[in-house]
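For reference, the structure discussed in these notes is given below.
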Amino acid sequence: MSDHLIWVIVGMGIVTYIPRMLPLVLFHTNHLHPRIQGILKNVPFAILGALIFPGVLTINPENYLYGGIGAAAAFIAAWLNLNVIVVVLSSIFVLYGYTLL
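Per the numbering used here, the very first residue in the sequence shown carries number 2; after that it's consecutive.
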(Lines of atoms letter the chains of each structure in order from A; the text may use other names.)
(Lines give C-alpha, C1' and ligand atoms only; values in the text may rest on other atoms or scores of the structure.)
Protein backbone atom coordinates (compact mmCIF):
# COMPACT_ATOMS: atom_id res chain seq x y z
CA MET A 2 0.00 0.00 0.00
CA SER A 3 1.41 3.41 -0.93
CA ASP A 4 2.11 6.16 1.57
CA HIS A 5 -0.33 8.42 -0.25
CA LEU A 6 -3.20 5.99 0.29
CA ILE A 7 -2.35 5.60 3.98
CA TRP A 8 -2.39 9.39 4.46
CA VAL A 9 -5.74 9.62 2.66
CA ILE A 10 -7.23 7.00 5.00
CA VAL A 11 -5.79 8.73 8.08
CA GLY A 12 -7.12 12.09 6.85
CA MET A 13 -10.60 10.67 6.29
CA GLY A 14 -10.54 9.16 9.77
CA ILE A 15 -9.62 12.51 11.33
CA VAL A 16 -12.26 14.39 9.36
CA THR A 17 -14.87 11.84 10.44
CA TYR A 18 -13.78 11.87 14.08
CA ILE A 19 -13.71 15.65 14.60
CA PRO A 20 -17.48 16.32 14.19
CA ARG A 21 -18.23 13.48 16.58
CA MET A 22 -15.69 14.61 19.17
CA LEU A 23 -16.39 18.35 19.20
CA PRO A 24 -19.87 18.20 20.79
CA LEU A 25 -18.49 16.07 23.61
CA VAL A 26 -15.68 18.53 24.25
CA LEU A 27 -17.65 21.75 23.79
CA PHE A 28 -20.86 20.69 25.53
CA HIS A 29 -19.42 18.77 28.47
CA THR A 30 -22.21 20.02 30.74
CA ASN A 31 -25.77 18.77 30.68
CA HIS A 32 -27.21 22.28 30.72
CA LEU A 33 -27.59 24.16 27.46
CA HIS A 34 -29.20 27.53 27.00
CA PRO A 35 -32.92 27.05 26.15
CA ARG A 36 -32.47 28.93 22.86
CA ILE A 37 -29.72 26.51 21.77
CA GLN A 38 -31.88 23.56 22.82
CA GLY A 39 -34.72 24.90 20.66
CA ILE A 40 -32.42 25.26 17.66
CA LEU A 41 -30.95 21.79 18.09
CA LYS A 42 -34.43 20.31 18.45
CA ASN A 43 -35.36 21.57 14.97
CA VAL A 44 -32.14 20.56 13.18
CA PRO A 45 -33.38 17.09 12.09
CA PHE A 46 -36.46 18.59 10.44
CA ALA A 47 -34.41 21.28 8.70
CA ILE A 48 -31.95 18.73 7.34
CA LEU A 49 -34.75 16.43 6.29
CA GLY A 50 -36.42 19.28 4.41
CA ALA A 51 -33.20 20.25 2.65
CA LEU A 52 -32.61 16.67 1.55
CA ILE A 53 -36.15 15.92 0.41
CA PHE A 54 -37.32 19.18 -1.20
CA PRO A 55 -35.43 18.74 -4.51
CA GLY A 56 -36.95 15.27 -4.79
CA VAL A 57 -40.43 16.70 -4.30
CA LEU A 58 -40.06 18.72 -7.47
CA THR A 59 -38.57 15.92 -9.57
CA ILE A 60 -40.23 12.75 -8.26
CA ASN A 61 -42.76 12.58 -11.10
CA PRO A 62 -42.20 15.13 -13.89
CA GLU A 63 -45.56 14.28 -15.47
CA ASN A 64 -47.52 14.90 -12.25
CA TYR A 65 -46.23 17.61 -9.93
CA LEU A 66 -49.22 17.03 -7.66
CA TYR A 67 -47.65 13.72 -6.63
CA GLY A 68 -44.69 15.43 -4.96
CA GLY A 69 -46.91 18.12 -3.48
CA ILE A 70 -49.16 15.56 -1.82
CA GLY A 71 -46.19 13.77 -0.28
CA ALA A 72 -44.70 17.05 0.92
CA ALA A 73 -48.03 18.13 2.41
CA ALA A 74 -48.34 14.85 4.32
CA ALA A 75 -44.81 15.24 5.66
CA PHE A 76 -45.45 18.88 6.57
CA ILE A 77 -48.59 18.02 8.52
CA ALA A 78 -46.85 15.20 10.38
CA ALA A 79 -43.93 17.51 11.22
CA TRP A 80 -46.35 20.24 12.30
CA LEU A 81 -47.80 17.76 14.80
CA ASN A 82 -44.27 17.33 16.27
CA LEU A 83 -44.10 13.67 15.34
CA ASN A 84 -40.85 11.74 15.22
CA VAL A 85 -38.77 12.16 12.03
CA ILE A 86 -39.30 8.51 11.11
CA VAL A 87 -43.07 8.94 11.49
CA VAL A 88 -42.91 12.02 9.23
CA VAL A 89 -41.17 10.06 6.48
CA LEU A 90 -43.42 7.02 6.85
CA SER A 91 -46.58 9.12 6.79
CA SER A 92 -45.52 10.64 3.49
CA ILE A 93 -44.73 7.20 2.07
CA PHE A 94 -48.09 5.77 3.14
CA VAL A 95 -50.04 8.75 1.80
CA LEU A 96 -48.30 8.48 -1.57
CA TYR A 97 -48.88 4.74 -1.63
CA GLY A 98 -52.57 5.37 -1.07
CA TYR A 99 -52.56 8.03 -3.78
CA THR A 100 -51.05 5.62 -6.31
CA LEU A 101 -53.78 3.07 -5.55
CA LEU A 102 -56.45 5.60 -6.60
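Each residue gets a CB set at the ideal place from its N, CA and C atoms; glycine is no exception.
All of these numbers come straight from a predicted model, not from anything done at the bench.
The residues V85, in chain order, have a CB closer than 8 Å to that of P45 in the same chain once the five nearest residues on each side in sequence are set aside. L81 carries a coil assignment under DSSP once its states are collapsed to helix, strand and coil. Assigned with DSSP and collapsed to three states, L101 falls in helix. With contacts defined by Cβ atoms closer than 7 Å, I60 and Y67 form a contacting pair.
In the three-state reduction of the DSSP assignment, S92 falls in the helix class.
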